[in-house]
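Residue numbers (the working numbering): -16 to 177.
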């Protein structure tokens, strides 16, 4: 072995020993600012879901009261039934059907968002259905261990799911509000004609 080869071999051994005694670099996770921003958006989505449910419940209560009063007033005025087949009967039925469609929309906005046959994502549990699904204790424990190393994937999945829920709730509220705005003038016109 030549002195030069011997020196190279000595350097390789020394570098190998130095690397083996060094602490391995820490696995870096997501930036804390990223996780904090996602958690803020997730909390805002939770508040927005509650706000949408409150709007739908208030509109549902209002429309139920208006429809109940309308049916009571027209029932007394018409002695239990609308006897003449004409514009007043068509308007009466139109007002009732339109308000019932609005009620269905508001109930759909309040109803929980569930789809059968859906499984949790590989990102980890990020939504209540993921935890309440058929995951046993060991699988759930491993899933939360993965979440501890990288919380951004389940947070992102939760953000996407809650955003879809908000979008669906507001679509139902918008449709119900449109039906409500059509039904109110129909109520007034039917009361005038009756």
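Every residue, glycine too, gets a C-beta built ideally from N, C-alpha and C.
Only a predicted model underlies this, so the values are computations on that prediction, with no experimental measurement involved.
*What are the start and end residues of each continuous beta strand (DSSP E) run of 3 or more residues lying completely inside the region 9 to 50, in chain order?*
none
*Drop a sphere of 10 angstroms on the beta-carbon of residue 15, count the other beta-carbons inside from all chains shown, and report buried for 16 or more, exposed for fewer.*
exposed
*My guess is that residue 78 and residue 166 are in contact by the Cβ rule of under 8 Å, so how many angstroms apart are they, rounded?*
6 Å
_the region 32 to 50 in contact with the region 81 to 94 per 3-pair CB rule at 8 Å_ = yes
*Please report the residue range of the alpha helix (DSSP H) in which residue 133 lies.*
First-last for residue 133: undefined, no H or E at that position.
_Nearest by alpha-carbon distance to residue 147: which of 46, 86, 25 is it?_
25
*Of the residues 42, 161, 138, 175, the one placed nearest residue 20, counting alpha carbons only*: 138
*Could you spell out where the alpha helix (DSSP H) holding residue 94 opens and where it closes?*
That residue, residue 94, is in no alpha helix (DSSP H); it is neither H nor E in DSSP.
_Closest to residue 31 by C-alpha separation, out of 22, 47, 54, 153, would be which residue?_
153
_Reduced DSSP secondary structure (H/G/I, E/B, other) of residue 159_ = helix
*Are the CB atoms of residue 160 and residue 42 nearer to each other than 9 Å?*
yes
*Note down the Cα distance separating residue 48 from residue 82, rounded to an integer number of angstroms.*
11 Å
*So, are the CB atoms of residue 74 and residue 140 less than 9 Å apart?*
no
*Look at the alpha carbon of residue 130 and the alpha carbon of residue 23, and state the distance between them as a whole number of angstroms.*
17 Å
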